[in-house]
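Below is one structure, written out as structure tokens; comments come after it.
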DNA sequence: GTCAATATGACTGCACGCTGTCAATGCTCT
DNA sequence: AGAGCATTGACAGCGTGCAGTCATATTGAC
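Chains as they are written, first to last, in the working numbering: chain A, 75 to 243; chain B, 75 to 243.
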């Protein structure tokens, strides 16, 4: 077992582990920001996706924009609807896929949350610098695209090639 | 609601959202890597922490090293023990806090997982470049430290300053 | 030596995202 | 018009991490 440390110090391992920790820190920060307003990080993000769509997207569309599966967003959306923060409007193009929109209360709450976030976001960018923040964002996007490509290319050696959907290799 | 887009294009928002997506992509990649060996990302990471500690740490110590709370690691460790991959050895310094160690099967499995990971990790670093990977890792660490500092400094306006533990304003 | 503070494990409950499955809806091709 | 396929919402189950609580074990102050 003398190979564990070298595997951990691998640059890719450092990237992965640091990403996990940063992810946790960001969620913790987000939760702390919006908790006093009765929200959570996830609900806030869904409300943001709704606001960004101007209420023209159903749940599945929001999920695509957020990079999540439908079911995750559906649960949050239902809870937000139960809380009176979002409503489902008829969709002229699809009878079942109702359009998710913010209610008056939802929009007001989201504006308040946005104000709180922008204060923190400005402070964060001020500390690390505009250029560095932009470079970091680009790096994260690049890294994700590589990871996703790797994810698609990894083939399971213990898996027979019959039941595969996408493994075009 | 015309302020949603500007909040989303904020450099800090981009960083946060990209971090969430990268986190998800990494977990998906990790799961896919170790699934054929009967593991998950979380169990693999805990095994890694155990291997890195050389079996000299109890659950709480592993959790500290990983940046998680005890309970999360405890559950995984119990499951790994049930699967015969780790065992709990007596701790000369503490009767309850048994030392978590890999069993022979656990160590062998971890070595196999490590080999699989190193192949992918090398491919990833080869694509983005060694220097860029190192710079990215440093950036992530810096960003996390700033986010954690912000988390500690954020005070809740609707919260009376009596019940606070760490808010050294 | 005693007692409070701390550390640890055990247990419960919760939030979140995923997979899998099913029925209903909409779209495309023949 | 009809068949086949993709999309969508609904529902169930699972893995992971967190907070809270309690009992036990260890440590430190007195």
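A virtual CB, placed ideally from N, CA and C, is assigned to each residue, including glycine.
Given a cut-off of 8 Å, decide if residue j and residue i are closer than it, judged by their beta-carbon atoms.
i: residue 86/A; j: residue 134/B; result: no
i: residue 228/A; j: residue 107/B; result: yes
i: residue 82/A; j: residue 122/B; result: yes
i: residue 162/A; j: residue 97/B; result: no
i: residue 36/A; j: residue 111/A; result: The first residue shown for chain A is 75 and the last is 243, placing residue 36/A beyond what the model contains.
i: residue 120/A; j: residue 151/A; result: yes
i: residue 129/B; j: residue 173/B; result: yes
i: residue 214/B; j: residue 92/A; result: yes
Helix, strand or coil for residue i, going by three-state DSSP, please let me know.
i: residue 163/A; result: strand
i: residue 143/A; result: coil
i: residue 138/A; result: helix
i: residue 221/A; result: helix
i: residue 181/A; result: helix
i: residue 128/A; result: coil
i: residue 111/B; result: helix
i: residue 157/B; result: coil
i: residue 228/A; result: coil
i: residue 84/A; result: coil
In angstroms, rounded to a whole number, what distance separates the CA positions of residue i and residue j?
i: residue 222/B; j: residue 104/A; result: 11 Å
i: residue 117/B; j: residue 194/B; result: 18 Å
i: residue 175/B; j: residue 155/B; result: 9 Å
i: residue 238/A; j: residue 204/A; result: Bear in mind that the predicted position of residue 238/A carries a pLDDT of just 36, short of 50, making it too unreliable to give a figure here.
i: residue 127/A; j: residue 170/A; result: 18 Å
i: residue 224/B; j: residue 198/A; result: 8 Å
i: residue 109/B; j: residue 166/A; result: 43 Å
i: residue 114/B; j: residue 101/B; result: 9 Å
i: residue 69/A; j: residue 160/A; result: No answer is possible for residue 69/A: it lies beyond the span of chain A, which begins at 75 and ends at 243.
i: residue 140/A; j: residue 219/A; result: 15 Å
i: residue 157/A; j: residue 212/B; result: 41 Å
i: residue 149/B; j: residue 142/B; result: 12 Å
Can you find a C-beta in chain B that's less than 8 Å from the C-beta of residue i?
i: residue 204/A; result: yes
i: residue 215/A; result: yes
i: residue 96/A; result: yes
i: residue 224/A; result: yes
i: residue 99/A; result: yes
i: residue 138/A; result: no
Step through the CB atoms of chain A and report whether any lies within less than 8 Å of the CB of residue i.
i: residue 93/B; result: yes
i: residue 153/B; result: no
i: residue 186/B; result: no
i: residue 83/B; result: no
i: residue 178/B; result: no
i: residue 149/B; result: no
- Can you list, in chain order, the residues of the region 155 to 172 of chain A whose Cβ is nearer than 7 Å to any Cβ on chain B? none
- With 7 Å as the C-beta to C-beta threshold (strictly closer), list the residues of the region 116 to 131 of chain B near chain A in chain order. 122, 125, 126
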